[in-house]
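In the order they appear, the protein sequences are chains A and B. Numbering-wise (our numbering), the first sequence opens with residue 2 and increments by one. Numbering-wise (our numbering), the second sequence opens with residue 56 and increments by one. Note sheet for the following structure.
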Amino acid sequence: MTDAIIVGSGAGGGTAASVLARRGWQVTVLEKGGHHNADDFLPYDELNFHTRRALIPHAADDPNIYLAGEHADQPTRVERWWTANLVGGSTMIWDANVPRYTREDFEVLSYLRDVPADADMVNWPWTYDEFQPCFGRAETEWGVSGKARQSPAQEPVRPGYDYPMPPLRPHASTQFLMAAFDRAGMRPYLGPRAINSGNYGGRPACPFCGFNQFFGCAVNSRASSANTVLRSALDTGRCELRTGHCVTRVVHEGGQVRGVLYKTEPDGAEEFLAAPRVFVSIQPIESARLFLHSQVPDPNALVGRYLTYHPHGTAELTFPLQPVWVDGAAYQPRTAIGSLQVRDLYTVDDPAAPVSKVGKFSVYDPYTCTPPIRLVKGAALGPDHRQVWGEELHRYLQELRTQGGVSFSFTGEAMSMYDNRVELDPEVVDPWGVPAARIHYRHHPYDLAATGYALDRVVRVMTDAGGELRGYEPQPAQNPGYGHVHGTLRAGADPGASVLGPDCQSHTVSGLYVLDTAFFPTAGASNPTLTLLANAYRVCEQVPAPA
Amino acid sequence: MTGFLSDTERAQVAALFEALLPGTPDAPGATDAGAVDYLDRLLGGDHYDQLDDWRRAYREGLAALGAERTANPEVAAKTLIDLSHATLPDWSAHVDQHRFFTMLRDHCVEGCFADPRHGGNRDGVIWTWYGYQQPAQPFRRDARREPVTRLPQGDS
Numbered sequence: 002m003t004d005a006i007i008v009g010s011g012a013g014g015g016t017a018a019s020v021l022a023r024r025g026w027q028v029t030v031l032e033k034g035g036h037h038n039a040d041d042f043l044p045y046d047e048l049n050f051h052t053r054r055a056l057i058p059h060a061a062d063d064p065n066i067y068l069a070g071e072h073a074d075q076p077t078r079v080e081r082w083w084t085a086n087l088v089g090g091s092t093m094i095w096d097a098n099v100p101r102y103t104r105e106d107f108e109v110l111s112y113l114r115d116v117p118a119d120a121d122m123v124n125w126p127w128t129y130d131e132f133q134p135c136f137g138r139a140e141t142e143w144g145v146s147g148k149a150r151q152s153p154a155q156e157p158v159r160p161g162y163d164y165p166m167p168p169l170r171p172h173a174s175t176q177f178l179m180a181a182f183d184r185a186g187m188r189p190y191l192g193p194r195a196i197n198s199g200n201y202g203g204r205p206a207c208p209f210c211g212f213n214q215f216f217g218c219a220v221n222s223r224a225s226s227a228n229t230v231l232r233s234a235l236d237t238g239r240c241e242l243r244t245g246h247c248v249t250r251v252v253h254e255g256g257q258v259r260g261v262l263y264k265t266e267p268d269g270a271e272e273f274l275a276a277p278r279v280f281v282s283i284q285p286i287e288s289a290r291l292f293l294h295s296q297v298p299d300p301n302a303l304v305g306r307y308l309t310y311h312p313h314g315t316a317e318l319t320f321p322l323q324p325v326w327v328d329g330a331a332y333q334p335r336t337a338i339g340s341l342q343v344r345d346l347y348t349v350d351d352p353a354a355p356v357s358k359v360g361k362f363s364v365y366d367p368y369t370c371t372p373p374i375r376l377v378k379g380a381a382l383g384p385d386h387r388q389v390w391g392e393e394l395h396r397y398l399q400e401l402r403t404q405g406g407v408s409f410s411f412t413g414e415a416m417s418m419y420d421n422r423v424e425l426d427p428e429v430v431d432p433w434g435v436p437a438a439r440i441h442y443r444h445h446p447y448d449l450a451a452t453g454y455a456l457d458r459v460v461r462v463m464t465d466a467g468g469e470l471r472g473y474e475p476q477p478a479q480n481p482g483y484g485h486v487h488g489t490l491r492a493g494a495d496p497g498a499s500v501l502g503p504d505c506q507s508h509t510v511s512g513l514y515v516l517d518t519a520f521f522p523t524a525g526a527s528n529p530t531l532t533l534l535a536n537a538y539r540v541c542e543q544v545p546a547p548a
Numbered sequence: 056m057t058g059f060l061s062d063t064e065r066a067q068v069a070a071l072f073e074a075l076l077p078g079t080p081d082a083p084g085a086t087d088a089g090a091v092d093y094l095d096r097l098l099g100g101d102h103y104d105q106l107d108d109w110r111r112a113y114r115e116g117l118a119a120l121g122a123e124r125t126a127n128p129e130v131a132a133k134t135l136i137d138l139s140h141a142t143l144p145d146w147s148a149h150v151d152q153h154r155f156f157t158m159l160r161d162h163c164v165e166g167c168f169a170d171p172r173h174g175g176n177r178d179g180v181i182w183t184w185y186g187y188q189q190p191a192q193p194f195r196r197d198a199r200r201e202p203v204t205r206l207p208q209g210d211s
């Protein structure tokens with residue numbers, strides 16, 4: 002019998018397979034999707050991979066069902082664009098933007114001085130210091146490029162530590178932007194990415210093709226579960242990877258996990274695979290759905306609760322007096338994505354500010370790292386001047402080609418609320434016959450205030466530097482789904498107030514572990530995957546071996 | 056081309072698309088890109104979730120617009136202003152005006168800026184003008200036959 006079943010071969014599943022197999026366990030990874038190799042991702046056809054989401058389940062036959070509160074009588078089918086069912090999971094199509102969560106996220110109550118009465122915020126049951134070695138291990142085994150100690154606003158690292166590779170080549174706008182932020186007392190820095198800036202882990206440096214999120218990496222310079230941890234797991238000879246295996250239920254008896262039921266054909270019969278340990282890592286909404294469908298005992302009605310999406314917002318500006326950053330460039334897009342990070346507003350210690358725990362920005366050059374269909378569909382000449390066309394579209398395109406520009410993408414803290422939740426839909430089933438996820442979600446007004454505050458701060462810095470605002474998209478209260486998704490199976494020390502223990506094991510079914518971001522007690526305010534990875538290393542090194 | 060649109064509908068869409076991205080002496084437009092060919096092939100295909108909605112919207116929407124309001128790119132531009140503000144009179148279709156405008160604009164952008172393999176962006180004319188290269192090109196010269204990493208097959 003296998004020592005452990007791992008459900009999902011993505012960020013958490015691949016890491017678990019690697020750690021456990023290297024500890025000598027015999028593990029079986031069950032992946033719903035199939036193998037994709039690097040050459041399957043060429044050509045970089047934006048219409049196929051981005052516009053039509055070729056690698057992602059479609060809303061027509063495999064949706065989430067969204068209820069927005071005030072539209073509760075009108076459930077709508079929404080796409081889950083952040084889920085990819087293939088070997089390597091969503092790390093095959095991710096942005097690889099991998100900041101650490103920090104003390105401000107782990108001990109949120111020490112920094113959020115104005116917790117709204119209707120929010121249910123809690124400190125995490127671990128400290129940043131406990132996670133720190135695991136962050137370093139994740140950065141080393143996945144291959145993260147970056148540079149420590151560039152900015153006082155940056156994520157702290159232990160003395161003497163640095164990322165295994167230097168940062169990716171900066172955008173040509175970097176000097177100008179750093180000078181502008183410096184005048185405002187803010188210190189942007191080149192952010193960490195799980196993208197190779199040199200040869201690392203048997204994989205080449207990024208050639209700066211410009212196609213990132215939603216695209217597979219055709220040269221494996223962007224790290225994925227498949228080209229890092231899963232590969233090392235398979236190299237041990239103790240990891241079996243089974244593709245086309247959709248786990249429909251976790252089997253448990255008397256508070257002990259017994260294995261899983263799976264299907265290999267949508268219309269086929271459920272088959273049983275036994276194991277004394279089951280590790281689930283299939284993204285939070287899916288994990289909650291699996292817990293609910295498996296009837297994992299839930300005495301306090303907490304399964305599926307405290308779902309969080311990070312509030313997101315974007316702003317794009319153009320600088321009429323600045324020549325385009327890469328003058329004379331023959332072809333676009335052509336830079337690696339997201340060089341600068343602005344993290345000076347992670348917390349705001351200003352009584353005059355409406356919020357105290359805010360978030361961070363990834364900074365892009367819209368001209369050199371946005372593929373064309375997405376760029377032109379989003380063309381705007383002002384906050385209330387979207388969807389431009391005709392002569393105005395030509396003006397936008399001309400500006401972009403001749404003037405320097407910048408775009409900001411905000412990731413912010415989200416208030417946890419009991420009513421934001423995942424349930425099983427009473428009517429809609431997925432292709433495998435499992436009830437679809439029915440999601441209730443509305444952002445707390447705090448999230449919207451924080452997003453607006455942060456966007457306005459950076460827009461002011463940029464307009465002071467001569468910028469003119471073009472696109473401006475703050476977070477609305479309704480959110481039909483976002484890639485930064487967490488909660489649903491909150492971890493905590495108190496079994497009365499959490500679904501998982503501090504070891505990410507179910508309080509009610511022993512041997513059942515969850516490694517995706519479902520365990521996050523609160524949302525934090527950074528791209529979540531590195532923290533997921535660090536936790537997977539922590540959990541899987543400590544989990545006792547089966548008797 | 057085995058498409059979905061009638062000759063009349065093709066002419067209507069061509070005028071609307073040219074108004075959305077007009078050709079100028081310095082820049083190619085939707086007509087140069089053959090964006091309507093992209094749309095016709097899309098609607099005549101069978102592989103996309105929203106196809107039935109799009110087919111219905113184009114059939115009803117174009118009939119409601121009529122030939123006169125789409126006779127050429129100049130009048131089509133006036134029609135688009137109304138559609139984008141949802142203020143077009145005599146609109147009897149069961150289609151939201153602003154959604155119809157958004158659909159037209161999205162498909163025009165796709166027909167101009169997508170890979171020519173999908174039927175628009177004829178000969179890559181828009182990419183050549185704006186400076187995008189054929190996406191596979193960075194790897195074409197030294198393309199390998201073998202993938203960089205091949206995972207062992209796990210089924211056993």
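We put the beta carbon where it would ideally sit given N, CA and C, even for glycine. Remember, predicted model here, so these are calculated numbers, not experimental data.
If the cut-off is 8 Å on Cβ atoms, which residues from the stretch 257–278 of chain A count as contacting chain B, listed in chain order? none
Minimum C-alpha distance to R194 (chain A) - residue among A:M179, A:A180, A:R170: A:R170
Only counting the same chain, and skipping five residues up and downstream in sequence, which positions put a Cβ closer than 8 Å to that of Y164 (chain A)?
E140, V145, S146, G147, K148, A149, P193
field: Cutoff 8 Å; reference Y483 (chain A); Cβ partners in own chain excluding five residues on either side
entry: W83, Y310, H311, H313
Quiz item: Among A:D431, A:T530, A:A354, A:F362, which residue has its Cα nearest to the Cα of T92 (chain A)?
Solution: A:T530
Rounded separation between P80 (chain B) and F155 (chain B) - CA only: 29 Å
I196 (chain A) and T489 (chain A) closer than 8 Å at C-beta | no
>> Could you check whether the Cβ of V164 (chain B) sits closer than 8 Å to any Cβ belonging to chain A?
In response: yes
With three or more C-beta pairs closer than 8 Å as the rule, is the stretch 301–308 of chain A touching the stretch 485–500 of chain A?
yes
Can you look up N49 (chain A) in the DSSP assignment and give me helix, strand or coil?
helix
Which of helix, strand or coil does DSSP assign to C247 (chain A)?
strand
Which of helix, strand or coil does DSSP assign to M418 (chain A)? coil
Going by CA-CA distance only, name the one from A:D63, A:G186, A:F362, A:P372 that's closest to N98 (chain A). A:F362
> Taking the C-alpha atoms as reference points, what is the distance between N86 (chain A) and S225 (chain A)?
Replying inline: 14 Å
Starting from the N-terminal side, write out each stretch of the beta strand (DSSP E) that is 3 residues or longer and does not extend beyond the stretch 478–529 of chain A.
486–489, 513–515
Exercise for review: Just the C-alpha distance for Q75 (chain A) and P481 (chain A), rounded to the nearest angstrom, thanks.
Suggested key: 13 Å
Handout entry: Within-8 Å CB hit, E47 (chain A) to chain B
Key = yes
Beta-bridge pairing of R443 (chain A) - partner residues as DSSP gives them:
A:Q479
Quiz item: Thinking C-beta only, is D106 (chain A) closer than 8 Å to M418 (chain A)?
Solution: no
>> On the DSSP letters alone, give me the boundaries of the beta strand (DSSP E) that H1 (chain A) sits inside.
In response: This structure cannot speak to residue 1 (chain A), because chain A is shown only from 2 to 548.
Indicate whether G9 (chain A) and G89 (chain A) have their beta-carbon atoms separated by less than 8 Å.
no
Using 8 Å as the threshold, is the stretch 56–76 of chain B in touch with the stretch 92–99 of chain B, meaning 3 or more CB pairs across them?
yes
Worksheet item: Exposed or buried, N127 (chain B), counting other C-beta atoms within 10 Å across all chains shown (16 or more means buried)?
Response: exposed
**Prompt:** Can you list the residues of chain A that Y113 (chain B) reaches, using a CB-CB cut of under 9 Å?
**Reply:** Correct list: empty, because the minimum Cβ distance to chain A is about 18 Å.
Next item on the list: Could you round the C-beta distance between P189 (chain A) and V364 (chain A) to whole angstroms and report it? I think they count as a contact, below 8 Å.
Entry: 7 Å
Quiz prompt | Inter-stretch contact at 8 Å, needing at least 3 Cβ pairs: the stretch 445–455 of chain A / the stretch 203–218 of chain A | solution = no
Please list the residues of the stretch 385–418 of chain A that have a C-beta atom closer than 8 Å to any C-beta atom in chain B, keeping them in chain order.
Q388, W390, G391, E392, L394, H395, L398, R402
At a CB distance below 8 Å, what residues from the stretch 61–89 of chain B approach chain A? Give them in sequence order.
A74, L75, L76, P77, T79, A82
Report task. Could you tell me whether the Cβ of F194 (chain B) comes closer than 8 Å to any Cβ of chain A? Result -> Reliability fails at F194 (chain B), whose pLDDT of 45 lies under 50, so the model's placement of it is uncertain and the value that follows must be treated cautiously. Closer than 8 Å: yes.
Compute the distance between the beta-carbons of L71 (chain B) and G84 (chain B), then report whether it is under 8 Å.
no
Check your understanding: To the nearest whole angstrom, what separates the beta carbons of H294 (chain A) and P432 (chain A), a pair I think is in contact under 8 Å?
Key -> At roughly 15 Å, the Cβ-Cβ gap does not stay under 8 Å, so H294 (chain A) and P432 (chain A) are not in contact.
Note to self: Strictly by DSSP, which residues pair up with F409 (chain A)?
What the structure shows: A:A316, A:V364
Original post:
Expressed to the nearest angstrom, what Euclidean distance is found between the alpha-carbon atoms of T348 (chain A) and A132 (chain B)?
Top reply: 48 Å
Problem set entry | Residue-chain proximity (R101 (chain A), chain B), Cβ-Cβ < 8 Å | no
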